[in-house]
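Here's the structure, in structure tokens; my notes come after.
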Amino acid sequence: MPKKPQVIVAGAGPVGLLTALALAKQDVPVLVLEAEPALTIDLRAGTYHPPSLELMAPYGITDEMHKTAIRVPRWQIRDRRQGVIVEWDLGDIADLTPYPYRLHLEQHRLTPIILSKLRAYPHADVRFSHKVIDVTQTEDGVRVNAETPGGTEIFQGEWMVGADGGRSTVRKCADVGFDGFTWDERFVVASTTYDYAPHGFALNAYLADPEEWAAIFKMPDEGPSGIWRVIFPVPPEEEEAVTLSEEMVERRMQRFLQRKERYQIKYKSIYRVHQRVAKEFRLGRILLAGDAAHLNNPMGAFGLNGGIHDSFNLTEKLGKVCRGEADPSLLDVYVRQRRTVNLEYVQEHSIRNLKRLNERSEEKRKQNFDELRRQAASLEGRREFLQVSSMIASVRRANAIR
Ligand SMILES: Cc1cc2nc3c(=O)[nH]c(=O)nc-3n(C[C@H](O)[C@H](O)[C@H](O)COP(=O)(O)OP(=O)(O)OC[C@H]3O[C@@H](n4cnc5c(N)ncnc54)[C@H](O)[C@@H]3O)c2cc1C
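For the sequence shown, the working numbering begins at 649 and goes up steadily by one.
Right, here's the structure in full:
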């Protein structure tokens, strides 16, 4: 690292790495501190919306993703008993984006792409096994303590970006509240090589059911035949070991689609799901982005996509501040834009999406389906729905806030 970093980023998840990359591209010296010894592998995000693909395209990331990712132009809202309620086609908004589809690629296949781009910048440094344990700030800088294999090290910079996930140490050090709630039900994710397409499933479908809703996503995994991820709710009283046992996973998969053979399950994991937004996205020289700033349930795929939008919004402004071209108050525009749309849009629609799936009242379910069918009946209605669900509307709304 030739120069002292101007910006220290906590977390080498997708949001932290994108933040570092966008700053490095603007010649800002940046240091990323990551707690884990290597990039993490998990079964979380996998669906990218058009604005995220547009934002990552100038860095060559989007092209790289397309080499292995799956394009999903059509996706469904279904009822587990009635079948398809509505099938949406992003072709209806093809005039609004060069990427009229959802793109499926596991989060852990995206992060190595970003890291390889970041490695091209000599003024960007990524240190693994460096866990941020404390952050303090003065009028002109931040001081970060990190636990490293060689003991505690101190790093100094001008700005700190906390992209260290939902349990963010940076957010806690800045003493920023994280208001919201945690859903009673947890989510189990199981991946199978069994092909659901011949049964009429689009490559992404959400299935409403009063007892056990579900969601499915075709992912590339290690090759073109790909893998299907299935998500189910887990009741609060069920023990994690039971949920992840072979028998219980098999039982849920058979209930979803009955077949004589057992399912081949390649991956399985369980998640607790929250709806929370940090009280502040900026505290002086400390900024929050991605899951460190907000959490939502994954029905709609707004979490990481929202984090990607945070990252590019923030770095465009922070780059100007670092180069002395703008007053630090410009960073408050980031807060207004991104915090507002998280509350108005991500929280609101992710909660609505999950409630639509797990609604128990027959009457309310019928109303929900009637409303969806009405909206899908006209091109105008479909375009309105698709602009919201693909996050085009939220990015526009954020950009309109001053
Ligand atoms: C089941 C499920 C499915 C999902 N599907 C989608 C989807 O399809 N689309 C979507 O947009 N979102 C989805 N999400 C949400 C998405 O996974 C997250 O929003 C996303 O991972 C956030 O990225 P991030 O970089 O902010 O945080 P993370 O991915 O959590 O990365 C944080 C990084 O910080 C590191 N770290 C933590 N603490 C420290 C510390 N003290 N010091 C240094 N480093 C630290 C961690 O090791 C990690 O590498 C899903 C979530 C779940 C649970």
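Every residue gets a Cβ at the ideal spot worked out from N, C-alpha and C, and that includes glycine.
Please read all numbers here as calculations on a predicted model, not as lab measurements.
- Nearest C-alpha to Ile762 among Glu870, Arg924, Ala660: Ala660.
- Three or more Cβ pairs drawn from the stretch 667–683 and the stretch 967–975 lie within less than 8 Å of each other, which places the two stretches in contact.
- A distance below 6 Å between beta-carbons, with the five flanking residues on each side excluded, links Tyr749 to the following residues of its chain, in chain order: Arg719, Val720, Pro721, Leu738.
- In this structure Leu701 is in contact with Leu751, their Cβ atoms being roughly 6 Å apart against a cut-off of 8 Å.
- The alpha-carbon separation between Phe960 and Gly951 amounts to approximately 15 Å.
- C-alpha of Ala772 to C-alpha of Phe803: approximately 14 Å in a straight line.
- Straight across, the Cα-Cα distance linking Ile875 with Glu801 is about 42 Å.
- Remark: C-beta atoms of Ile918 and Leu892 approach each other more closely than 8 Å.
- Looking at the backbone, the Cα of Val655 and that of Arg775 are separated by about 14 Å.
- For Met901, the enclosing alpha helix (DSSP H) starts and ends at 894–904.
- Around the beta carbon of Asn1047, a 10 Å sphere encloses fewer than 16 other beta carbons of the protein chains shown; the residue is thus reported as exposed.
- Counting along the chain, the unbroken beta strand (DSSP E) around Gly799 starts and ends at 799–805.
- With a threshold of 7 Å, the Cβ atom of Asn990 does not count as near ligand 1, since no heavy atom of the ligand is closer than that.
- Taking a 10 Å sphere around the C-beta of Phe829, we find fewer than 16 other C-beta atoms and assign the residue as exposed.
- At a cut-off of 7 Å, the beta-carbon of Arg692 counts as near ligand 1: some heavy atom of the ligand is closer than that.
- Assignment of Met808 by DSSP, reduced to helix, strand and coil, places it in the strand class.
- Around the beta carbon of His847, fewer than 16 other beta carbons lie within 10 angstroms, which makes this residue exposed.
- With a cut-off of 7 Å, the C-beta of Gln724 is classified as distant from ligand 1, since no heavy atom of the ligand falls inside that distance.
- The C-beta distance from Phe826 to Arg933 rounds to 20 Å, too long to fall under 8 Å, and the pair is not in contact.
- Only buried fits Ile709, as 16 or more other CB atoms lie within 10 angstroms of its CB.
- Taking all protein chains shown into account, Leu991 has fewer than 16 neighbouring C-beta atoms within 10 Å of its C-beta and is therefore exposed.
- Taking 7 Å as the cut-off, the C-beta of Leu952 counts as close to a heavy atom of ligand 1.
- Secondary structure in the stretch 657–698: the alpha helix (DSSP H) runs of 4 residues or longer, each lying completely within the stretch, are 662–673 in chain order.
- Judged by pairs of C-beta atoms under 8 Å, the stretch 1004–1014 touches the stretch 847–867, as three or more such pairs exist.
- Checking the 7 Å criterion, the Cβ of Tyr919 is within range of a heavy atom belonging to ligand 1.
- Minimum Cα-Cα distance from Val783 among the listed residues Leu1002, Arg757, Val824 corresponds to Val824.
- Beta-bridge annotation (DSSP): Ser839 is paired with Arg877, Tyr915.
- Lys927 sits exposed, since fewer than 16 C-beta atoms from the chains shown fall within 10 Å of its C-beta.
- In this structure Ile956 is buried. Its beta-carbon is surrounded by 16 or more other beta-carbon atoms within 10 angstroms.
- Here Met947 is near Ser998, since their CB atoms are less than 8 Å apart.
- Fewer than three Cβ pairs drawn from the stretch 787–802 and the stretch 879–890 lie within less than 8 Å of each other, which leaves the two stretches out of contact.
- Here Pro698 is buried: its Cβ has 16 or more other Cβ atoms, across all protein chains shown, within 10 Å.
- Leu936 has its CB no nearer than 7 Å to any heavy atom of ligand 1.
- Only buried fits Lys916, as 16 or more other CB atoms lie within 10 angstroms of its CB.
- Residues of the same chain with a CB within less than 6 Å of the CB of Gly810, apart from the 5 flanking positions on each side, are Ala658, Ser816, Val818, Arg819, Leu936, Ala940 in chain order.
- Here Asp711 has Ala705 as same chain residues with Cβ atoms under 8 Å from its own Cβ, once five neighbours each way along the sequence are excluded.
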